[in-house]
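K.L.:
Supplied in structure tokens, the structure appears directly below.
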Amino acid sequence: MDTVTRRAFLGVLGATGLSACGLKEPGPAPTAGKTITIGYVSPQTGGLAVFGESNAYVLGIVNKALAKGLKIGSATYDVKIVTKDTQSSAARAAQVAAELIHNDRADIVLATSTPDTTNPVSDQCEAAGVPCVATICPWEIWAAGGGAKKFSFLHFIGTEQEVGVFAKLWQQLEGDHVVAGLWPNDTDGDLYRKFVTAKAGELGWQLVDSGAYDDGAQDYSAIIARFKDADILQATPIPPDWVTFWRQARQSKFTPKLACVAKAMLFSSVADGLGDLAENLVAGVWWAPSFPYKSSFDGTTAQAFADGYGKTWTPPMGFNHALFEIAVAALKQTGDPKDRNALAATLKGLKGEAISGKYDFTSGPSANVSLAPDLAGQWRRGSDGKFGLTIVDNSLDPSIPLQGQLEPL
2 MDTVTRRAFL GVLGATGLSA CGLKEPGPAP TAGKTITIGY VSPQTGGLAV FGESNAYVLG
62 IVNKALAKGL KIGSATYDVK IVTKDTQSSA ARAAQVAAEL IHNDRADIVL ATSTPDTTNP
122 VSDQCEAAGV PCVATICPWE IWAAGGGAKK FSFLHFIGTE QEVGVFAKLW QQLEGDHVVA
182 GLWPNDTDGD LYRKFVTAKA GELGWQLVDS GAYDDGAQDY SAIIARFKDA DILQATPIPP
242 DWVTFWRQAR QSKFTPKLAC VAKAMLFSSV ADGLGDLAEN LVAGVWWAPS FPYKSSFDGT
302 TAQAFADGYG KTWTPPMGFN HALFEIAVAA LKQTGDPKDR NALAATLKGL KGEAISGKYD
362 FTSGPSANVS LAPDLAGQWR RGSDGKFGLT IVDNSLDPSI PLQGQLEPL
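The opening position of the sequence shown corresponds to residue 2 in my numbering, with each subsequent residue numbered one higher.
Set out below in structure tokens:
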């Protein structure tokens, strides 16, 4: 997975030329036509592919909902969704965003799953004047740098918010108040280090820092040795690196009382791969079937949406579905969906409710940000032998019921 600066994202195409990337020279944006083109950018292959594992299911639902077109005013528009795979590369994300803008003439672009997707895509759209809505990226990373935003928007949680939720769990367990931080050398790792360090200092706890390791590392023995006296583990790895680290940690007899794992432990496939080693690992829960919200397309409940998947649900499902709900709501409220300035203005004032919950781009912590609440859950094996997330903290949204109490590893 690449780690690239925002300036570098915008320079990806300039360094090679549009023609070298197979892109057409930019011309005037289309102002007529009865087809709305929505671009959808996500990691479908590579180290972040697990974030896109529910894409086929979500896109099938969205395509069915829009099969008869989208009525806006007196006109009905066909809707075409063009999907792009980032291959878990930030540079590739920038390139495919440019393809959507210049080749596919997307009217709006949707981007999901980690800063390596959302930031380069948002930056390309901002530079080209194409509306973009992103999700599954901490708002602090998305909002940093790049100047004022007119065309790009984000609906998601924040890292400081999630660290605060995890810290409430730390304090429920007795111990020596030592937190170990496992940080990859990427933007997520940098931000979690910042807020975990601050929270540990606020609580008077000791922090043991792993140092920034590179994605794909295979030997964590030196880091594990530094962590041996920690009660709490706070980690932000990509899924394959977490599996490698955690197996080595347990083989080395490192078993903290609590392990809070952002990013990697969102997915049942990771829990299944770890087997018994996944029991009671903590993950953030920004969407779950128990959320009391429905699809704005057809009223499908969160539970019915999850049940229809046929596999164990994962939090990204709800937010990826919500991206399309937000896009459709904005398109319907805009008199001319081909007017990019008007569509961006509509998004800036947009409020509503989707299957992921409420969204509001008028009152977020930063311009063009809609902040969602974050919960915490623990992976536990059910009576059917399958792993599922049990919600153990709902302090940021008490309307969502608790499903269990915190348990140590």
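C-beta: ideal position from N, C-alpha, C; glycine also.
Name the DSSP beta bridge partners of G182, please?
P.N.:
D210 and Q235
K.L.:
Along the chain, where does the alpha helix (DSSP H) that runs through D220 open and close?
P.N.:
Where D220 is concerned, there is no enclosing alpha helix (DSSP H), given that its DSSP letter is neither H nor E.
K.L.:
Just the C-alpha distance for Q379 and V393, rounded to the nearest angstrom, thanks.
P.N.:
Cα to Cα, the separation comes out at about 7 Å.
K.L.:
My output table needs one value for C22: the three-state DSSP class, helix, strand or coil.
P.N.:
Residue confidence for C22 is low, a pLDDT of 41 falling below 50, so the modelled location carries little weight; the figure read from the coordinates is stated next. In the structure shown, C22 sits in a helix (DSSP, three-state: H, G or I).
K.L.:
Using CA coordinates, which residue listed in V59, D79 and D232 is at the minimum distance from A68?
P.N.:
D79
K.L.:
Taking C138 and V110 to be in contact with their CB atoms under 8 Å, please state how far apart those CB atoms are, rounded to whole angstroms.
P.N.:
A Cβ-Cβ distance of about 14 Å is found for the pair C138 and V110, leaving them out of contact under the 8 Å criterion.
K.L.:
Measuring alpha carbon to alpha carbon, tell me which residue in L234, T118 and R93 is nearest F52.
P.N.:
T118
K.L.:
Suppose the cutoff is 8 Å on Cβ atoms and the five residues either side in sequence are ignored; what does the same chain contact list for N395 look like?
P.N.:
Closer than 8 Å at Cβ, skipping near neighbours: L376, I401, P402 and L403.
K.L.:
Check for me: the alpha helix (DSSP H) holding W1 runs from which residue to which?
P.N.:
Residue 1 lies beyond the range of the chain shown here (2 to 410); nothing can be said about it.
K.L.:
Since Q125 and A145 are thought to touch, with beta carbons under 8 Å apart, how far apart are those beta carbons, to the nearest angstrom?
P.N.:
No, Q125 and A145 are not in contact; Cβ-Cβ is about 17 Å, not under 8 Å.
K.L.:
Can you give, in chain order, each stretch of the beta strand (DSSP E) that sits fully within the region 58-109 and has at least 3 residues?
P.N.:
For the region 58-109, the continuous beta strand (DSSP E) assignments of 3+ residues that do not extend past its boundaries occur at 71-73 and 76-86, in sequence order.
K.L.:
Please indicate yes or no: does the CB of G353 lie closer than 7 Å to some heavy atom of the ligand NAP?
P.N.:
With respect to the ligand NAP, the structure shown offers nothing to examine, as it has no ligands at all.
K.L.:
Between which two residues does the beta strand (DSSP E) carrying L390 extend?
P.N.:
F388 to D394
K.L.:
Please identify the residue among D299, P374, T237 and R227 whose C-alpha is closest to the C-alpha of L192.
P.N.:
T237
K.L.:
Going by DSSP, what residues sit across from S153 in a beta bridge?
P.N.:
Among the bridge pairs identified by DSSP, S153 is matched with C133.
K.L.:
Going by the CB atoms, is the gap between S55 and P317 shorter than 8 Å?
P.N.:
yes
K.L.:
Drop a sphere of 10 angstroms on the beta-carbon of A21, count the other beta-carbons inside from all chains shown, and report buried for 16 or more, exposed for fewer.
P.N.:
Reliability fails at A21, whose pLDDT of 37 lies under 50, so the model's placement of it is uncertain and no value is given.
K.L.:
Rounded to whole angstroms, what's the CA-CA distance from L390 to D187? Just pull it up for me.
P.N.:
Between L390 and D187, the C-alpha separation is close to 26 Å.
K.L.:
Give the secondary structure of D273 by DSSP, where H, G and I count as helix, E and B as strand, and everything else as coil.
P.N.:
helix
K.L.:
Could you check the C-alpha separation between W143 and Q162 for me, to the nearest Å?
P.N.:
15 Å
K.L.:
In terms of DSSP beta bridges, what is G285 paired with?
P.N.:
Here G285 is bridged, per DSSP, to A377.
K.L.:
Give the single residue among A50, K65, L101 and S253 whose Cα lies nearest to the Cα of S90.
P.N.:
A50
K.L.:
Output the distance between the C-alpha atoms of G383 and F362, rounded to the nearest integer angstrom.
P.N.:
Whole-angstrom Cα-Cα distance: 38 Å.
K.L.:
In the structure shown, what three-state DSSP assignment does G190 receive?
P.N.:
helix
K.L.:
Suppose you measure from the CA of G300 to the CA of K359; what does that come to, to the nearest Å?
P.N.:
14 Å
K.L.:
Note the first and the last residue of the continuous alpha helix (DSSP H) segment covering A346.
P.N.:
R341 to K349
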